[in-house]
Amino acid sequence: MERQSFEAESAKQKFSRAIFICYNLVMTLVVGLTGNIACGKSTVGALLRKKSIPVLDSDEVVHDLYANDLDIQEQILRDFGTLDRKEIGKKVFGTSPENLAYKKKLESILHPAVHKKFEQWVQANLNERLIVNLVPLLFEANLEHRYDYIVCIITDEKNQIDRLKKRDPNMPEAQIIARIRSQMPQDQKSKRSNLVISNNSTLEALELEVDKILNLDSKS
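Numbering (my numbering), first residue to last: 1248 to 1467.
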């Protein structure tokens, strides 16, 4: 996978890349796991943790920021008027210009703090052979350069709809479909990934798919 030119990077990017060089030297494989809403990223994360693989779930980081970071809370309240994630979701999920503007604003608030947590997590796990970061918006946020391998988990849209209905029985199906279709199409993410795993069957079948992550080649 082609990396950015080091000379063209900002000072902040160079600092980040210095961290990446450090973990490259100790042969830690940094894997980015992405996939659209209700495809099973959290389930894969749980299976990996069961196998003693360090996992950082970016969604969990965001939840923690909402709950505990006073500066983040202040910025969100200023721009959205609420900390209720469901109400914020109504503003950011969709394809209208207003939805996209709110989405960009929320990302500008959250992404720097999430990136800082990622850097701290990498440094804390430099002795591991393989670590996995769950990142829903990996491609949308242009984060490919962070990872040695990118894994995409996919599932049928019907499965996404069924899972989201179970997650929130009160959400109208039209809103569920709007959320699903506001994201980058799964086939586009698949084409840009090193490995694609399917979550269309049983948990046992998914666990076999997850083993493919454990078998990723060491860096040369």
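We put the beta carbon where it would ideally sit given N, CA and C, even for glycine.
Go through its chain and collect everything with a Cβ distance to residue i's Cβ below 8 Å, but skip five positions before and after it.
| i | result |
| --- | --- |
| Val1361 | Ser1305, Val1308, Val1309, Leu1312 |
| Ile1378 | Thr1275, Leu1276, Val1277, Val1278, Ile1300, Pro1301, Val1302, Leu1303, Trp1368, Val1369, Asn1372 |
| Glu1391 | Met1248, Gly1279, Leu1385, Ile1397, Arg1439 |
| Ile1444 | Val1291, Val1398, Cys1399, Ile1400, Ile1401, Leu1453, Glu1456, Val1457, Lys1459, Ile1460 |
| Ile1356 | Ile1319, Gln1322, Ile1323, Asp1326 |
Can you tell me which of the three DSSP states residue i falls into?
| i | result |
| --- | --- |
| Asp1409 | helix |
| Ile1335 | helix |
| Asn1346 | helix |
| Thr1449 | coil |
| Gly1328 | coil |
| Ile1401 | strand |
| Leu1280 | strand |
| Val1382 | coil |
| Ile1300 | coil |
| Leu1461 | helix |
| Leu1442 | strand |
| Tyr1313 | helix |
| Leu1295 | helix |
| Leu1377 | strand |
Buried or exposed: residue i, going by 16 or more other Cβ atoms within 10 Å of its Cβ?
| i | result |
| --- | --- |
| Ala1285 | buried |
| Pro1383 | buried |
| Leu1450 | exposed |
| Asn1446 | buried |
| Lys1436 | buried |
| Asp1403 | exposed |
| Arg1376 | exposed |
| Gly1282 | buried |
| Asp1395 | buried |
| Asn1462 | exposed |
| Ala1324 | For the record, residue 1324 in the displayed sequence is Leu; it is not Ala. Exposed is the call here. |
| Lys1288 | buried |
| Arg1393 | buried |
| Leu1347 | exposed |
| Leu1353 | buried |
Excluding the 5 residues preceding and the 5 following residue i in the sequence, name in chain order all residues of the same chain whose CB lies nearer than 6 Å to its CB.
| i | result |
| --- | --- |
| Ile1408 | Ile1423 |
| Val1457 | Val1291, Leu1294 |
| Leu1453 | Asn1446 |
| Lys1338 | Tyr1349 |
| Ala1380 | Note on residue identity: the sequence assigns Asn, not Ala, to residue 1380. Result list for Asn1380: Gly1279, Leu1303, in chain order. |
Excluding sequence positions up to five away, which residues of its chain have a Cβ less than 7 Å from the Cβ of residue i?
| i | result |
| --- | --- |
| Gly1341 | Ala1425, Ser1429 |
| Phe1327 | Ile1335, Lys1338 |
My guess is that residue i and residue j are in contact by the Cβ rule of under 8 Å, so how many angstroms apart are they, rounded?
| i | j | result |
| --- | --- | --- |
| His1358 | Ala1314 | Incorrect: roughly 18 Å between the Cβ atoms, too far for contact. |
(message) Pairs of beta-carbons, one from the stretch 1316-1332 and one from the stretch 1430-1437, closer than 8 Å: are there three or more?
(response) Touching, no, given that fewer than three Cβ pairs across the two stretches are closer than 8 Å.
(request) Give a yes or no on contact between the stretch 1355-1370 and the stretch 1411-1424, applying the rule of three or more CB pairs nearer than 8 Å. (result) Proximity of the stretch 1355-1370 to the stretch 1411-1424 falls short of the contact definition, fewer than three beta-carbon pairs being nearer than 8 Å.
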